[in-house]
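Trainee: The listed protein sequences derive, respectively, from chains A and B. Its first residue numbered 20, the first sequence is counted upward by one per residue in the working numbering. Its first residue numbered 193, the second sequence is counted upward by one per residue in the working numbering. Glycine is no exception: its CB is placed at the ideal position from the N, C-alpha and C atoms.
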Amino acid sequence: MMKATTLFEGSAHNWVLFARDPDKPPSIIDTNQYMIVSGNRTILLDPGGIELFAPMLAAIVDYVPVDTIKDLFASHQDPDIISSLGLWDRTLSDATLHAPWMWEGFIRHFGCQKIAYDPLPDEGKSITVGSAELVFIPAHYVHSSGNFSVYDPVAKILMSGDIGAALLPADAPMFVGNFNEHIPTMKLFHQRWMPSNKAKNDWIRRVRELDIEMLAPQHGAIYTGDNIGRFLDWFEALEVGIAIPG
Amino acid sequence: MQTDIREEHFFTTALDITVILKTVPEEAERISLEAMNAKSIVARAGDAARTIQPIANEADELARNIIALVGKIQANAIDITRSSLTEFTEEIAMQHFGRARALGSKAQFVTSIDPVILAANMRFHELHKDVADHVRTLSRILEEIEAILLAATIIISKFRLEVAIGGAAYRQNFETLVAKFEDAVNTIRGRTSDSRKILERSRRKIEG
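Set out below in structure tokens:
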């Protein structure tokens with residue numbers, strides 16, 4: 020079974036992380052999927068690729084019935100983020116996908132007939148799921164040209180998409196321990212996948228204004244406590260878009 | 193990850209049949225051309241070949257009917273391909289839902305997947321019925337072509353008989369024409385028979 024970790028339990032909503040599927044084919048990258056449940060309403064953040072659909076659905080129904088899922092969020096258009104959409108489209112009724120406006124015509128290639136597409140404007144926006152407010156923070160060009168992070172001001176969790184991602188073995192812990200030891204698992208990823216120093220610094224500037232207790236990427240491990248500041252400092256100092264020898 | 197997916201689907205059958213029948217309209221055009229040649233010879237020969245005229249007309253009509261039916265087969269093959277591909281996609285979706293149901297068998301809300309599986313199952317069976325209807329239509333069109341080819345055999349015999357009892361002046365021309373006509377009919381018969389075999393084999397595999 021896919022590993023499920025509760026990240027936050029509040030009076031009105033919970034965050035659950037699904038990751039580290041032991042039956043995942045080794046050739047596909049491991050991904051972190053997030054679920055926020057508030058009352059009888061559920062949102063999935065970056066619900067994952069088609070290969071992980073079945074274990075993901077099986078893990079979800081341990082927490083909530085399928086028909087409570089009314090919202091999906093895709094930080095960007097990559098297949099490991101949202102190629103399961105065609106199957107969710109057959110699974111959900113009255114659901115909405117919140118995703119960058121510029122990827123609508125592309126993401127729909129995964130299959131999106133029943134699910135409504137909510138095109139997120141470049142400047143971002145907020146939505147309410149049950150009684151939880153979620154803010155879509157622009158993260159364009161880190162790495163996708165149309166990209167958002169998700170901030171929950173009550174749980175103080177920032178779902179950062181590919182920012183902070185690390186390529187870890189299947190049995191790696193869910194939380195970053197020693198930050199310096201974590202750096203080698205994410206350095207090349209950020210240098211190669213992130214194309215713009217300007218965009219990166221712009222995102223860091225905005226994120227530093229938020230009160231964050233967990234920085235939760237779509238791959239790898241979650242940053243908590245001082246590791247969040249360490250990561251932002253490290254990322255700020257990192258030259259990105261330079262992984263190809265010139 | 194995907195298991196128990198059927199190895200054969202009608203979209204490959206439809207494509208195979210389309211490829212096999214690709215040259216049939218050309219052969220039918222050949223029949224039509226030979227029929228026109230026959231009419232032209234009849235016009236030159238006058239009374240000596242008057243009885244050939246209705247046979248040539250029949251051959252021409254037969255050729256046009258075959259061309260029209262092959263057009264219907266091609267249109268039907270597109271419908272089969274489309275329905276069968278959608279059915280295939282639905283079958284894969286059912287595999288995913290079934291796997292989720294099995295993986296989550298001990299999960300608290302696992303039964304909430306059941307309506308999803310039921311709906312997918314219903315969609316799959318509707319699509320399967322749709323494909324089966326198209327396959328039946330395809331089979332019927334092939335039967336129609338076979339019936340026309342049977343009529344063609346009779347036309348060829350009548351043609352030969354008329355040529356044999358007719359005047360000697362244009363016999364050689366007519367014999368050459370009827371040989372070409374027969375050759376085209378035999379080619380179409382072979383292709384239709386191959387198509388039918390593929391269709392039946394595919395039906396047996398899928399239904400069995």
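(1) Just to confirm my understanding: we take F316/B, look at its own chain, exclude 5 residues before and 5 after, and list those with CB closer than 7 Å. What are they?
(2) Following the continuous beta strand (DSSP E) through P217/B, name the residue where it begins and the one where it ends.
(3) Please name the residues in the stretch 295 to 314 of chain B whose beta-carbon is closer than 7 Å to at least one beta-carbon of chain A, in chain order.
(4) For chain B, find out if any of its Cβ atoms is closer than 7 Å to the Cβ of P3/A; answer yes or no.
(5) Quick one: grab the DSSP three-state call for G290/B.
(6) Quick one: residues in its chain with C-beta nearer than 7 Å to the C-beta of A262/A, no 5 flanking neighbours on either side, listed in chain order?
(7) Using beta-carbon positions only, say whether V259/A and N220/A come within less than 7 Å of one another.
(8) What residue does the alpha helix (DSSP H) around P45/A start on, and which one ends it?
(9) Taking the continuous alpha helix (DSSP H) assigned at Q52/A, which residues delimit it?
(10) What are the boundary residues of the beta strand (DSSP E) that includes A151/A?
(11) Do L254/B and A340/B come within 7 Å of each other at the CB atom, strictly closer than that value?
(12) Does F37/A come within less than 7 Å of chain B when only Cβ atoms are used?
(13) Just the C-alpha distance for P119/A and G68/A, rounded to the nearest angstrom, thanks.
(14) The beta strand (DSSP E) with F253/A in it runs from where to where?
(15) Below 6 Å CB to CB, which residues in the same chain sit around P217/B once its five sequence neighbours on both sides are set aside?
(16) Which same chain residues, not among the five before or five after R222/B, have their C-beta less than 6 Å away from its C-beta?
(17) Do you know offhand how far T195/B's Cα is from F72/A's?
(18) Kindly indicate if chain B contains any beta-carbon less than 7 Å away from that of V173/A.
(19) Determine whether the beta carbon atoms of T110/A and V308/B lie at a separation below 7 Å.
(20) Cβ of V226/A less than 7 Å from any chain B Cβ?
(21) Could you name the residues of the same chain whose beta carbon sits closer than 6 Å to that of T243/B, not counting the 5 residues immediately before and after it, in chain order?
(22) Mind pulling the beta strand (DSSP E) runs of 3 or more residues that sit fully within the stretch 106 to 147 of chain A?
(23) Which residues mark the beginning and the end of the beta strand (DSSP E) in which V302/B is found?
(24) By a C-beta neighbour count over all protein chains shown, 10 Å radius and 16 as the cutoff for buried, is D342/B buried or exposed?
(25) Which residue's Cα is closest to the Cα of I233/B: R363/B, E318/B, K372/B?
(26) For T61/A and L26/A, what's the separation of their Cα atoms in angstroms?
(27) Please decide whether F129/A counts as near chain B, where near means a Cβ-Cβ distance under 7 Å.
(28) If you draw a straight line from the C-alpha of D252/A to the C-alpha of L36/A, how long is it?
(29) Just checking my contact of A292/B with D81/A at CB under 8 Å: how many whole Å lie between their CB atoms?
(30) Measuring CB to CB, does F16/A end up less than 7 Å from G105/A?
(31) Among residues of its own chain, excluding the 5 on either side of T205/B, which ones have a beta-carbon nearer than 7 Å to its beta-carbon?
(32) Tell me the DSSP secondary structure of I62/A in three-state form.
(33) Any beta-carbon of chain A closer than 7 Å to the one on H288/B?
(34) Please classify G196/A: does DSSP put it in a helix, a strand, or coil?
(35) Which same chain residues end up closer than 7 Å to K214/B when comparing Cβ atoms and leaving out the 5 residues on each side of it in sequence?
(36) Kindly indicate which three-state DSSP category E374/B falls into: helix, strand or coil?
Mentor: Taking the structure as given:
(1) Position 124 of the second sequence, counting from 1, holds the residue named residue 316/B. E279, E282, E283, M286.
(2) Translated into positions along the second sequence, residue 217/B becomes position 25. Taken as a continuous stretch (DSSP letters only), P217/B belongs to no beta strand (DSSP E), being part of the alpha helix (DSSP H) at 216 to 237.
(3) L295, G296, A299, Q300, F301, V302, S304, I305, V308, A312
(4) One cannot answer for residue 3/A here, as it falls past the ends of chain A, which runs 20 to 265.
(5) Here residue 290/B corresponds to residue number 98 of the second sequence, with the count starting at 1. Three-state DSSP puts G290/B in a helix.
(6) As a working note, residue 262/A is residue 243 in the first sequence. L207, Q210, R211.
(7) One-based indexing of the first sequence puts residue 259/A at position 240. One-based indexing of the first sequence puts residue 220/A at position 201. In this structure, N220/A does not lie closer than 7 Å to V259/A by Cβ.
(8) Stepping through the first sequence from its first residue, residue 45/A is reached at position 26. First-last for P45/A: undefined, no H or E at that position.
(9) Position 33 of the first sequence holds residue 52/A. Note, Q52/A: premise wrong, no alpha helix (DSSP H); beta strand (DSSP E) at 52 to 57.
(10) Position 132 of the first sequence, counting from 1, holds the residue named residue 151/A. Per DSSP, A151/A belongs to the beta strand (DSSP E) from 151 to 157.
(11) For the purposes of this step, residue 340/B is taken as the residue at position 148 of the second sequence. For the purposes of this step, residue 254/B is taken as the residue at position 62 of the second sequence. Per the sequence shown, the amino acid found at residue 340/B is Ile instead of Ala. Against a cut-off of 7 Å, the Cβ pair of L254/B and I340/B comes out as a contact.
(12) Counting from 1 along the first sequence, the entry for residue 37/A is found at position 18. So no, F37/A is outside the interface.
(13) Within the first sequence, numbered from 1, the residue matching residue 119/A stands at position 100. Within the first sequence, numbered from 1, the residue matching residue 68/A stands at position 49. Their backbone Cα atoms lie some 18 Å apart in a straight line.
(14) If you number the first sequence from 1, residue 253/A lands on position 234. Contrary to the premise, residue 253/A reads as Trp rather than Phe in this sequence. W253/A -> not in any beta strand (DSSP E); alpha helix (DSSP H) instead, spanning 245 to 256.
(15) Sequence index remark: in the second sequence, residue 217/B carries index 25 (1-based). Closer than 6 Å at the Cβ level, and outside the excluded window around P217/B, lie I259, V262.
(16) Numbered from 1 along the second sequence, position 30 holds the residue referred to as residue 222/B. Correct list, in chain order: A376.
(17) What you label residue 195/B is simply residue 3 of the second sequence in a count that begins at 1. What you label residue 72/A is simply residue 53 of the first sequence in a count that begins at 1. Confidence at T195/B is low in this model, with a pLDDT of 38, below 50, so the placement of that residue is unreliable and no value is reported for it.
(18) Numbered from 1 along the first sequence, position 154 holds the residue referred to as residue 173/A. Closer than 7 Å: no.
(19) Stepping through the first sequence from its first residue, residue 110/A is reached at position 91. Stepping through the second sequence from its first residue, residue 308/B is reached at position 116. The answer is yes: Cβ separation under 7 Å.
(20) By one-based count along the first sequence, residue 226/A stands at place 207. It does not: the Cβ of V226/A has no partner Cβ on chain B nearer than 7 Å.
(21) To locate residue 243/B, count along the second sequence from 1; it is residue 51. Correct list, in chain order: E354.
(22) 115 to 119, 135 to 139
(23) Taking the second sequence and counting its residues from 1, the one referred to as residue 302/B is at position 110. Counting along the chain, V302/B falls outside any beta strand (DSSP E), and DSSP gives it neither H nor E.
(24) Within the second sequence, residue 342/B is the residue found at index 150, counting from 1. Correcting the residue type first, residue 342/B is Leu in the shown sequence and not Asp. With fewer than 16 Cβ atoms within 10 Å of its Cβ, L342/B is classed as exposed.
(25) Locating residue 233/B in the second sequence gives position 41, counting from the first residue. Residue R363/B is the option with its Cα nearest to I233/B.
(26) Along the first sequence, one-based indexing puts residue 61/A at 42. Along the first sequence, one-based indexing puts residue 26/A at 7. Roughly 15 Å between the two C-alpha positions.
(27) To locate residue 129/A, count along the first sequence from 1; it is residue 110. No, F129/A does not count as interfacial toward chain B.
(28) By one-based count along the first sequence, residue 252/A stands at place 233. By one-based count along the first sequence, residue 36/A stands at place 17. About 25 Å.
(29) Position 100 of the second sequence, counted from the start, is the residue given in the question as residue 292/B. Position 62 of the first sequence, counted from the start, is the residue given in the question as residue 81/A. Not confirmed; about 11 Å, so no contact.
(30) There is simply no residue 16/A to check, as chain A begins at 20 and stops at 265 in what is shown.
(31) Here the question's residue 205/B lines up with position 13 in the second sequence. Closer than 7 Å at Cβ, skipping near neighbours: I390, L391, S394.
(32) Against the first sequence, residue 62/A aligns to sequence position 43. Here I62/A sits in strand by DSSP.
(33) Counting from one through the second sequence, the residue named residue 288/B turns up at place 96. Closer than 7 Å to some Cβ of chain A, the Cβ of H288/B qualifies, so yes.
(34) Numbered from its first residue, the first sequence carries residue 196/A at position 177. Reduced to three states, the DSSP call for G196/A is coil.
(35) Position 22 of the second sequence, counted from the first residue, corresponds to residue 214/B. None.
(36) Within the second sequence, residue 374/B is the residue found at index 182, counting from 1. Helix, per DSSP.
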